[in-house]
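> Okay, handing you the structure first.
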Amino acid sequence: MKQETYRLGCDIGGTFTDFVLVNNKTGEFHTNKCLTTPSDPSDAIEQGIRELTEILPGFVDNVEEIIHGTTLVINAIIERKGARTALITTKGFKDVLELGREKRYDAYDIFSEYPEPIIPRPDRFEVDERVTFDGRIFKDVDEQEVTALIERCKKDGMKSIAVCLINSYENPVNERKIKEIIEREAPDLPISSSFEVLPEIKEYERTCTTAVNAYVKPITYWYLNKLVNRLGTIGFGGKLFIMLSSGGITSVETAKNFPVRIIESGPTAAVIASQYYGKMFNIKDMFCFDMGGTTAKSCLIQDGHAGLVSTFEVGRVQRFQKGSGLPIQVPVVDLMEIGAGGGSIAKVNRMGLLQVGPESSGADPGPAAYCQGGDNPTVTDADLVLGYLDPDFFLGGTMKLDIELSKKTIQKKVADPLGTTMVEAAFGIHDLINETMAAAAKTHIAEKGGNPNLVTVTAFGGAGPVHTYGLAKKIGATTILVPPLAGVGSALGFFTAPVAFDMSRSHRKVLEDADFNEIETLFSTLEKEAAQILEGARSGDEIIFERTLLMRFVGQGAEIDLGIEGKDFQQFSTKDIRIMFDEEYKRLYGRTAAESPVEFVTFKVRASLPKKPFVISRLSTKKRDLQACIKGQRPAFSVIKKDYLPFTVYDRSKLFPDARFYGPAIIEERESTIVIGEDAAVRVDDFGFIWINIAQSGGPDQEGGPKND
Amino acid sequence: MTNNKRRFDPITLEILWKRLVSIVDESDASVIRTAFSSLLRDAHDYTCMFTDSRGQEMVQGTLCTPGMAGAMALGMKKIVTSIPMEDYRDGDVFIVNDPWLLAGHLNDVCVWSPIFFKEKPVAFTACIFHHTDIGGRTASDNRDVYAEGLYIPLTKLYDAGKLNRDLVNMIRWNVRTPKEFDGDIRSQVAANHVCSQKITEMMEDEGLDTLDDLADEIFYRTEKSMRSSIENIADGSYSHEGIVEGAGDKPDIPIKLTVTVDGSRIHVDFDGTSRQVDWGVNVVYNFTYAYVFMAIKSGFDPGVPINEGAIRPITMSAPEGSIVNCKYPAAVAARMVVGHFMTEMVFKALAQAAPDNIIAGSGGTPAQTNIFHGSFANGKPWHTMIIRGGGMGASSRFDGHHCAIFPANGANTPIEILESDTSMIIESRGLVQDSGGPGRQRGGIGRQMIIRLPDDGENSPGTMSIAVQAGRYIYPPAGIFGGRDGSLAQFLKNGKTADPSGLTFCDPGDQISFVSAGGGGYGDPFERDPEAVERDVQYGYVSIERAKEDYGVIIEPDTLTLDLTATLKFRENK
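For the protein sequence lines, the chains are A and B, in the order given.
Position 187 (the first sequence) corresponds to 187 in our numbering; numbering is contiguous.
Just so we're on the same page, our numbering is the position in the second sequence counted from 1, plus 709.
The structure is reproduced here in structure tokens:
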């Protein structure tokens, strides 16, 4: 009989490194958490795995895959701990990186600060070459000039080189030539070329992305090599995969070459888990809501697909202020992150109004209730006062909370200045943070063309399940889903991620003039290239390709995505494509202009391997006694009555398939607490997912959520 | 009505206010995805806002352009109330570019609509886009507004949902870029549509029948915040006399203003300011007000969302027919050339009273704007517009930011977009050494952009015209409190100074250089931290010679490191 095999998901976060081990056959989970070790994150990984062997001796030998997400890259950028990097660019343009887009991100603030370029001015060099916008070589690369420059870089102690020339996205010949010279003259220096990192128009965004890639390449290289070795020494003989910001997973080799693609490695996992659940339950629009201590991350998932965007920002000088960071243009799951978490601080601002966040009390001193000297009221303090959290069952009772400290600070810092009661103030804090998240959620959903009323809200993170009910009501959603292990849901998400890589090529062509044969060639070339990248991770499986067209009206600057079914592009007619475009445009913006010409801009291919089967084990059906699941009752604040009501408290670990009950209820588990108002009905499915249905009007409706089958 | 006025507790108020801000930001975001011209989608030269039923501004987009936004706060009130409430129909969409009603030149086209809820208008949504072309002659030396393009008085674009096709057609035949114009107008209608839909949804959700009570509460709070900021300034009358340079052979333009701070209110009076002139730099009242307001808001009370309440404590008077309150039919196309100076002039007047709330002169004042018109080798015409920033003035806390468009806002157009939209080749775009005004805090660095129309024999493009709406060619951005001036701007054709007032024509092979000015310094440069100067030299912002001359800092030429002993000695003997 074949031995038990396992997969291990391992997610390095800011404070904790999370582990989820799954038994491939039984679907049984083991979890572990240990403190992150910032100076060498592989320390925590080895330690966490060793701890797991105490429960399951010898399992390491039978681990087939380790899937890994890390904040190493993003931290190196934020803390500016990357390598000294040289930038080589076209004569006349070494300041592209410093000028940026010249926009003042806060129009009315004359004292705004801006991020320093990732490569300082003395380390940026120009070479006398030029390619025109249509790809003609205007001036060749001078070998001698480049050779001399590389000598200088070596002498100056550069540890990495970025090459980004003007118009290289259209023709990379000169850039390639420079790369060859570097490879010859300085074989040990890692190179990042813009035509490989980001072959797309707009020099600032491309240069910045390439420069960041170069900046973190050495540290990523060092870390991944070390990790592979350490895992080897403790007996791991399987494959190591790294989570990409785009939601796929990739080989160590690719991650080393394109570290800029793993920046959002961590936060993406919850989205990937939601995608899986979205498909599993066939949910049209799902809103993934992951609320932790400092930030809330969310994402709209349509038909089991999270949106991908091609740009995001890192290292914002003003937290959460758009435009104050460095733009990175690689495929990333379209996450929205705002400064709203359990640690968000409440205060009364100059206008005499309540303000919650974006500042956070962090882990130290943390909320007032942590008794670590924090004297600012936080969302967690409010949640405690409102009865949503149990002071004796925080993190399963391993951490005691002091409700009196919470009350005192809310009274002093919010209620007194506002002239309200302490409870009104506490509810104000809870309600306002929900409103802040709801406003952001609505903007995000609307931008993706969704309707907030129709989404199923899926809760993750320590604070997510506490606030989901309030959030859902504010955005007008009626269905909530709380998956198993919601508190560590992101590490679980790794198992549902496909091995995948995205490739794209820009090629503008008006629809009427396009040669569909040529487009087919373009698509199949991309597929071939992507397949090569997946080769190392593949063991005989067939590669799945998904094609996407990015199109727009001729004259516009932004495109809409059209997913293309089928293999051969020549099977489509011009009219087919036009109909697809108009329908999608109308869905997004209300009306289309059928007489206005449209064009292709970019062609995208996602290559992926079939997902490994991932089974969530069914709940035991032995005990079907709802009374036995009840831990007791406690007063908690009703959003509807605006007063305390007795809430029934359930123990999640005892719930059974098809258990049904109504709010007001609180369901407690080790990592989080689910709050349910009196207008909602609860149902547990066969796999332990909790479905909550909020009544639109009148009594609660228990028929929501999919049927068990 | 006043008897049963709805009250809002502070918590509910904050929640609803947030939601309103996010609604406008949502319509703002839709523009980037739907607009056609690069001036909108890359350079963000547009503003979205909405008013209550009385035309009072409730919220403006976070990413607005202050000139448009400030002018709309005044203008929309007048426009909205000029039509009897009972005459509005659901589905009405209006279009207007009257410079005197709104943002001061014809390119700024406003599209607005009543928002209907329960069959009556409860609010108005509006957006102004800077259209790349509005016909007419694009230079800044036209003598009157008739030459500057198409004038669209307040007109219905849609009548109860029905498109006025004749109007659209008429406009299309009067602009150089009909497709862009059409697409951008559609984008304006869509932005207003997003705003209307979300506001009615909110009213439904919250059980509101009117927004006016909520508006009053928001205005009250904002006004209070603005007034308490003004109270921090010592009472008194603060005057300043400044000059805005004339372009080419045009005479300089004297500006005189007195800022009177009286408790919690500020009044700015322009008595003694130049009469309006016979070229395109005349400013309408609204636009002048916008940049006077910008100074008070940005220096004293940033952070609070802007609405009717913020403008109430700030009043302004300007003689009719003066350059800051010009009369029809004055030429106004390049009104930013004078208008953008209003922020700086107010800062200068208040400098002694509030030295920590102001900045020195900025190279991005005025915004450096260029309009190009040319044709490809195959004869097909192209038309584009760019905005360039300059070094920002230093403050008591910070060095000036390099290359910012201040006090306006916007962004540059990427080189690769510019090259693929036109027949120009861009030879360089970079920072200019020694351009930042020396000071304890250094002025921001200015930049140079060199453009060539390629000479490619038979495949050469056609002749190109350039219109310039800019300045700082004669008077540099001034330093303050002992800080020195930033460098001058330059406009060169083939290495020789060209005339920024009219149209400049280029043939294949010609090279154009635009240099924008550096910002003014703040405080005595000899008090600047020598290590900051060392870094400035290493970064190439300041030359070794000027480090010594301007800052008294001695840098070793071989290692580019600071010689502190020599520096202290040198500074002592100066």
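All C-beta atoms in this analysis are idealised placements derived from N, C-alpha and C, irrespective of residue type, glycine included.
Evaluate contact between the segment 328-343 of chain A and the segment 246-253 of chain A, counting only Cβ atoms and requiring at least three cross-stretch pairs below 8 Å.
Yes: the two stretches touch, three or more of their Cβ pairs being nearer than 8 Å.
> With 7 Å set as the bound, which would you pick, yes or no: does the beta-carbon of residue 133 of chain A sit closer than that to a beta-carbon of chain B?
Closer than 7 Å: yes.
> Going by other Cβ atoms of all chains shown within 10 Å of its Cβ, with 16 needed for buried, is residue 640 of chain A buried or exposed?
That one is exposed.
> Which same chain residues, not among the five before or five after residue 756 of chain B, have their C-beta less than 7 Å away from its C-beta?
Excluding positions up to five away in sequence, the list reads 769, 770, 773, 774, 777, 778, 781, 836 and 837.
> Residues of the segment 734-746 of chain B in Cβ contact with chain A at a cutoff of 9 Å, in chain order, please.
Residues 734, 735, 738, 739, 741, 742, 743, 744, 745 and 746.
> Taking Cβ-Cβ distances shorter than 9 Å, what residues in chain B pair up with residue 582 of chain A?
Per Cβ cutoff of 9 Å: no residues; residue 582 of chain A is ~14 Å from chain B at best.
> When the cut-off is 7 Å and only beta carbons count, does residue 949 of chain B lie next to chain A?
It does not; no Cβ of chain A falls within 7 Å.
> Could you tell me which residues DSSP puts in a beta bridge with residue 552 of chain A?
A:599, per the DSSP bridge assignment.
> Residue 443 of chain A touches chain B at which residues, Cβ-Cβ below 8 Å?
Simply 731, 734, 735 and 738.
> Compute the Euclidean distance between the alpha carbons of residue 554 of chain A and residue 307 of chain A, then round it to the nearest angstrom.
Rounded to the nearest angstrom, the two C-alpha atoms are 24 Å apart.
> Can at least three beta-carbon pairs, one atom from the segment 1063-1077 of chain B and one from the segment 976-983 of chain B, be found at a separation below 8 Å?
Result no; under three Cβ-Cβ pairs closer than 8 Å.
> For residue 72 of chain A and chain B, any beta-carbon pair shorter than 7 Å?
Closer than 7 Å: no.
> Verify whether the separation of the beta carbon atoms of residue 92 of chain A and residue 1137 of chain B is less than 7 Å.
Result yes, Cβ atoms of residue 92 of chain A and residue 1137 of chain B sit closer than 7 Å.
> Taking Cβ positions, are residue 742 of chain B and residue 558 of chain A nearer each other than 7 Å?
Contact: yes.
> Specify, as a first and last residue, the run of the beta strand (DSSP E) that residue 971 of chain B falls within.
Per DSSP, residue 971 of chain B belongs to the beta strand (DSSP E) from 962-971.
> Check for me: the beta strand (DSSP E) holding residue 1138 of chain B runs from which residue to which?
Its beta strand (DSSP E) spans residues 1134-1140.
> Return the chain-ordered list of same chain residues with a C-beta closer than 8 Å to the C-beta of residue 1088 of chain B, the five sequence neighbours on each side being excluded.
Counting only Cβ-Cβ distances below 8 Å, and skipping sequence neighbours, we find 1171.
> Residues of chain B with a CB under 9 Å from the CB of residue 166 of chain A: which are they?
By Cβ distance, chain B contributes 1124, 1125, 1128 and 1135.
> If you measure beta-carbon to beta-carbon, which residues of the segment 1060-1091 of chain B are closer than 7 Å to chain A?
For the segment 1060-1091 of chain B, which is checked against every Cβ of chain A, the residues closer than 7 Å are 1068.
> Grouping DSSP H, G and I as helix and E and B as strand, with all else coil, what is residue 1111 of chain B?
In this structure, residue 1111 of chain B counts as coil in the three-state DSSP scheme.
> Which complete beta strand (DSSP E) runs does the segment 1014-1044 of chain B hold, if anything under 3 residues is left out?
Fully enclosed beta strand (DSSP E) runs of 3 or longer: 1023-1026.
> Beta carbon of residue 673 of chain A, beta carbon of residue 455 of chain A: below 7 Å?
No, these two residues do not count as a Cβ contact at 7 Å.
> Residue 1035 of chain B CB to nearest chain A CB: under 7 Å?
So, not an interface residue.
> Among A:167, A:280 and A:84, which one has its Cα closest to the Cα of residue 686 of chain A?
Nearest option by C-alpha distance: A:280.
> Whose C-alpha, out of A:564, A:560 and A:203, is nearest the C-alpha of residue 598 of chain A?
Among A:564, A:560 and A:203, the Cα nearest to that of residue 598 of chain A is on A:560.
> Using the beta-carbon count (16 or more within 10 Å), is residue 710 of chain B buried or exposed?
Here the model assigns residue 710 of chain B a pLDDT of 43, short of 50, so the residue's position is not dependable and the matter cannot be decided.
> Counting only Cβ pairs nearer than 9 Å, list the residues of chain B close to residue 107 of chain A.
Those within 9 Å of residue 107 of chain A in chain B are 771, 772, 773, 774, 775, 778, 1003, 1007, 1116, 1117 and 1118.
> Give me the Cα-Cα distance between residue 989 of chain B and residue 903 of chain B, rounded to the nearest whole angstrom.
Using only the alpha carbons, I get a separation of about 35 Å.
> Can you say whether residue 202 of chain A is buried or exposed, counting buried as having 16 or more other CB atoms within 10 angstroms of its CB?
Classification for residue 202 of chain A: buried.
> Per the contact definition of three or more C-beta pairs closer than 8 Å, is the segment 1193-1203 of chain B in contact with the segment 1220-1228 of chain B?
Touching, yes.
> Could you list which residues in chain B have their beta carbon closer than 7 Å to that of residue 679 of chain A, in chain order?
Residues of chain B passing the Cβ test: none, with the nearest at roughly 16 Å.
> When the Cα atoms are used, what is the spatial distance from residue 807 of chain B to residue 856 of chain B?
When rounded, the distance between both Cα atoms is 14 Å.
> Beta-carbon within less than 8 Å of residue 462 of chain A's beta-carbon, same chain only, minus the 5 sequence neighbours each way: which residues are those?
Same-chain partners within the cutoff: 291, 292, 293, 342, 487, 671 and 672.
> Does DSSP put residue 437 of chain A in a helix, a strand or coil?
Residue 437 of chain A: helix per DSSP, three-state reduction.
> Would you check if there are 3 or more beta carbon pairs closer than 8 Å linking the segment 966-975 of chain B to the segment 934-951 of chain B?
As far as the Cβ criterion goes, the segment 966-975 of chain B touches the segment 934-951 of chain B, which means the pair count is three or higher.
> Consult DSSP for residue 291 of chain A and reduce its assignment to one of helix, strand or coil.
Strand.
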